[in-house]
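> The structure is given below, and queries will be raised subsequently.
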Amino acid sequence: MKKNAAILLLLLFHLLPSYGQELCDNAIDDDGDGLIDLNDDDCDCNNLIDHSIIPNPSFEIIDCCPDAEGMMSCATAWNQASAATSDFYHTCGFDEFGADGALPPSFPLPGGGDGFIGLYSFLSGYREYAGSCLLTNLLAGVSYSLNFHIAYSYGDLEEVEVRLFGSPLCSDLPWFGISCPDGIASWELLGAETVVTGTDGEWVSVTIEFTPVTNIDAIAIGMPCGDLASGDASYYYFDELILLETEVMGYITQTGGWCSGDLVLTANNDELDGIWQWYKDGIALLGEFGPTLSPVPYGEGTFSAVFTYLEGCKRVDYESPSMPTADFTTDNVCYGDPVFFTNLSSTPGGEIESWEWNFGDDISSNDFDPSHLYPSAGLYEVELIVYSEDLSCNDTAFAEVSILAKPEPAFEISGVGVSYAGDWFGCYGHELAFTDLTTIDGPISFASWAWDFGDGGSAAEQNPIHVYDGPGEFDIKLVVVAENGCIDSTHNPIILNGVVASFVTDSVCENEIITFENTSYSTEGDLTITRWYFGDDSDTSYLENPSHLYPSGGSYDALLFVENAQGCYDSILQPVIVFNTPSTDFYASQNPTDYFNTALKLIMIYPTPTSTYLWEMPGAAPSTSTEYGSVEVVYPQFIAADYEVMLIETSVNGCRDTAVHIINVLEDEMIFAPNAFTPNGDPFNPDWGVYVEGFNPDEFRLELYNRWGEIIWRTDNPTDRWDGTYLDGTLVQSGVYVWHVKARDQINDEVFEYHGMVSVLR
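Now the structure itself:
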């Protein structure tokens with residue numbers, strides 16, 4: 088398995104004929120296999136494996152022969168550390184290595200041998216770890232080195248970070264769960280190393296150096312913690328885990344820097360008697376057989392120092408640093424928002440050791456992808472310096488970041504009852520004017536405004552008008568967008584109060600006093616001002632519940648104005664109805680009459696169909712009546728007397744009027760002539776005539792004169808009726824006309840003459 092004695096002899100006697108064997112320090116392919124010096128397995132120098140603090144470090148000792156994945160327990164002294172199924176491979180049970188789609192490792196294995204392990208990582212925390220209790224404790228404060236070999240098997244990445252965890256308690260193996268041991272039991276991270284493996288299955292030698300802070304009794308090795316993207320699943324093989332004190336393993340110190348051209352490497356180990364030989368990329372550097380080397384003249388590569396002594400050899404390596412390339416991206420942001428920087432720096436074949444950001448405002452950071460909040464708007468030059476593990480190898484990138492001015496929204500409100508005392512106060516039901524007072528640094532204009540009035544209303548103009556429908560507290564929000572795309576908002580509540588003007592009153596008839604009941608109210612505080620305008624040119628009233636007499640019937644617009652102490656006001660205009668009192672009248676079919684003709688007809692003048700009527704006729708039969716239009720009555724015969732007749736009209740609105748006339752019953756002849764009629768085409772009082780009793784109808788003459796004494800109508804028949812026209816049939820004008828009757832008494836043959844006036848009403 089190990090060829091340490093043979094290697095020692097080869098190194099001591101490399102000038103002798105090789106007999107087909109490779110000499111390991113002459114930069115010649117002695118055995119003709121295409122591999123020179125340390126690149127040939129014949130020059131393997133891992134003799135320290137037998138001294139590893141980790142038991143069974145090359146997985147050669149077995150408790151059983153694995154014939155499937157997930158049989159880590161078959162490797163003596165090793166544990167499947169997490170519940171995830173770590174794999175153990177051995178030639179005793181496998182003739183093909185690698186799962187479906189996975190690449191098998193290169194053979195022969197490092198140092199020869201037959202066993203190795205495989206660890207898989209994917210998605211959300213599935214991590215296969217292998218662990219072992221140590222042969223002796225690792226001591227706190229002592230420097231240790233773990234050297235191991237790793238080979239790619241599966242996955243989209245050819246670069247992986249390997250993590251080494253330690254615990255002071257061997258009983259912490261195994262742990263519950265499928266994740267890494269971070270935060271579990273007493274496990275702590277001892278060290279980590281990012282390895283670039285390539286995807287060819289070749290083995291890569293890796294060293295992790297660390298100094299524990301507590302004594303360690305168990306170790307576990309595997310891939311990083313945390314979630315992985317779906318394409319970042321990976322599978323790697325591990326072999327030859329040599330854990331020793333750094334002094335025993337050997338180490339290299341350095342002074343100066345690679346990129347500064349003054350780098351000096353010094354190889355160290357705990358052995359005193361032996362020979363050093365330096366190599367570059369596994370090929371001997373002839374003449375470099377001291378403990379120190381200036382590697383820069385030899386160019387980039389892997390420099391190895393091999394110390395050969397009586398018991399074997401030790402090998403320590405130094406990888407020349409790659410020149411990093413600094414690069415980053417960022418976005419311009421609005422003032423008040425953090426700037427996020429994305430570090431895109433890279434280095435070929437290695438890793439960036441450290442980085443330093445200078446944000447251009449005297450603030451710096453050592454975060455990989457920092458964020459920064461600038462103190463003000465402006466243009467800042469950002470500097471990123473990245474370093475390899477050799478600090479002399481660094482690069483600097485610059486970029487400008489613009490912190491855009493951000494609007495500072497503010498507003499004020501004006502309108503009825505508006506005031507400000509930490510919160511805005513105002514009156515609902517009135518137009519409130521919202522004035523934008525937003526400011527911004529620099530000559531930048533605004534692109535848009537968005538108002539939310541808190542009651543479901545909104546507006547997009549800069550200075551809107553809004554009316555609230557009711558009282559309450561509403562949160563007003565203003566969002567302002569500047570032309571540079573920056574946006575900010577502010578909000579402030581407004582407390583709205585108000586008054587509601589209202590009153591009730593009854594309708595009345597003419598000449599009745601009307602009372603107004605004020606039902607107005609204020610949502611905050613008392614009403615301080617009350618004013619009434621009655622709509623009839625009368626004086627303003629300031630009483631709370633006034634009374635008023637309107638001059639005549641009709642509809643009047645009464646206005647009530649009320650206001651509270653805040654200045655909120657309201658008014659209401661509503662009609663007040665004063666019903667007209669009806670104008671009622673009537674006449675008798677003959678009045679006066681004689682006691683021979685006491686049957687009379689009482690006739691209404693211009694009756695109203697919607698009114699109700701009551702006749703009161705004491706002494707007549709009937710004495711009362713509700714007849715509409717006219718009523719027939721009979722007074723006692725042969726009794727001369729005066730009888731009062733009253734007609735009471737009640738309108739549909741309850742208003743009343745009364746007409747009273749005296750019926751004269753005389754003893755002898757009688758003539759009655761109405762004093763007015765209305766020949767206007769309706770069925771009421773369409774014509775006029777006289778009513779006579781006790782006269783000879785053959786000697787009767789009735790004539791009508793106008794005011795100039797002209798005869799406009801005549802008849803010899805006492806029953807004729809005049810229709811209000813001239814003799815030629817044309818209508819007479821409304822006015823007063825004189826009538827004259829000449830008739831002979833049929834009892835005593837006496838001639839009587841009567842005259843009077845009649846009014847024509849149209």
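In this text, residue positions in the sequence shown follow our numbering: the first is 88, and each later residue adds one.
Cβ coordinates follow ideal geometry from the N, Cα and C atoms, glycine included.
1. Just to confirm, are residue 139 and residue 330 a CB contact at a threshold of 8 Å?
2. In whole angstroms, give me the CA-to-CA distance for residue 752 and residue 705.
3. Assign residue 669 to one of two classes, buried (16 or more other C-beta atoms within 10 Å of its C-beta) or exposed (fewer than that).
4. To the nearest angstrom, report how far apart residue 733 and residue 814 are at their CA atoms.
5. Between the segment 474-481 and the segment 399-418, can you find at least three pairs of beta-carbon atoms closer than 8 Å?
6. Would you kindly report the start and end of the unbroken alpha helix (DSSP H) that includes residue 336?
7. My output table needs one value for residue 584: the three-state DSSP class, helix, strand or coil.
8. Going by DSSP, what residue range makes up the beta strand (DSSP E) through residue 634?
9. Specify the secondary structure class of residue 704 as computed by DSSP and reduced to three states.
10. Pairing CB atoms from the segment 624-637 with CB atoms from the segment 588-601, are three or more of them under 8 Å?
11. Using the C-alpha atoms, what's the distance from residue 407 back to residue 379?
12. Report the residue from 510, 498, 440 whose alpha carbon sits nearest the alpha carbon of residue 552.
13. So, for residue 711: in the same chain, excluding its five sequence neighbours on each side, which residues have a beta-carbon less than 8 Å away from its beta-carbon?
14. Looking at the secondary structure, which residues open and close the beta strand (DSSP E) in which residue 365 lies?
15. In terms of residues, what are the limits of the beta strand (DSSP E) holding residue 604?
16. Start and end of the beta strand (DSSP E) containing residue 548?
17. Rounded to the nearest angstrom, how far is the Cβ of residue 576 from that of residue 496, given a contact under 8 Å?
18. With DSSP as the reference, label residue 841 as helix, strand or coil.
19. Which whole-angstrom value is the C-beta distance of residue 511 and residue 584, which I expect to be below 8 Å?
20. Sorted by chain position, which residues of the same chain lie with C-beta nearer than 8 Å to residue 217's C-beta, five sequence neighbours on each side aside?
21. Tell me the DSSP bridge mates of residue 324?
22. Please state if the CB of residue 384 and the CB of residue 350 are separated by a distance shorter than 8 Å.
23. Give me, in chain order, the residues of the same chain whose beta-carbon lies closer than 6 Å to that of residue 442; leave out the 5 immediate sequence neighbours on both sides.
24. Can you tell me whether residue 464 is buried or exposed? The criterion is at least 16 other CB atoms within 10 Å of its CB, across all chains shown.
25. Are the CB atoms of residue 750 and residue 779 nearer to each other than 8 Å?
26. Measure the C-alpha to C-alpha separation of residue 279 and residue 320 and round it to an integer number of angstroms.
27. From this set, 608, 660, 616, 775, which residue's C-alpha is nearest residue 675's C-alpha?
28. Are residue 790 and residue 801 closer than 8 Å when you measure CB to CB?
29. For the putative contact between residue 109 and residue 137, defined by C-beta atoms under 8 Å, what is the C-beta separation to the nearest angstrom?
30. Assign residue 688 to buried or exposed, taking buried as 16 or more other Cβ atoms, counted over all protein chains shown, within 10 Å of its Cβ.
31. State the CB to CB distance for the pair residue 162 and residue 202, rounded to an integer number of angstroms; the pair is presumed to be in contact (CB under 8 Å).
32. If you check the beta carbons only, do residue 645 and residue 612 fall under 8 Å apart?
33. Name the two residues that bound the continuous beta strand (DSSP E) containing residue 691.
34. Over the uninterrupted beta strand (DSSP E) stretch that includes residue 353, give me the two end residues.
35. When you compare only the Cα positions, how much space is there between residue 368 and residue 132?
36. Using DSSP with H/G/I as helix, E/B as strand and the rest coil, what is residue 596?
So, to answer that:
1. yes
2. 14 Å
3. buried
4. 38 Å
5. yes
6. 333-336
7. strand
8. 634-636
9. coil
10. yes
11. 15 Å
12. 498
13. 701, 702, 703, 704
14. 362-367
15. 600-605
16. Unbroken run through residue 548: none, as it is neither H nor E.
17. 6 Å
18. strand
19. Going by Cβ atoms, the distance from residue 511 to residue 584 rounds to 12 Å, so no, they are not a contact pair.
20. 159, 165, 166, 167, 168, 173, 204, 206, 307, 308, 309, 325
21. 205, 238
22. no
23. 473
24. buried
25. no
26. 19 Å
27. 775
28. yes
29. Their Cβ separation, rounded to whole angstroms, is 23 Å, which puts residue 109 and residue 137 out of contact at 8 Å.
30. exposed
31. 7 Å
32. no
33. 686-691
34. 351-355
35. 15 Å
36. strand
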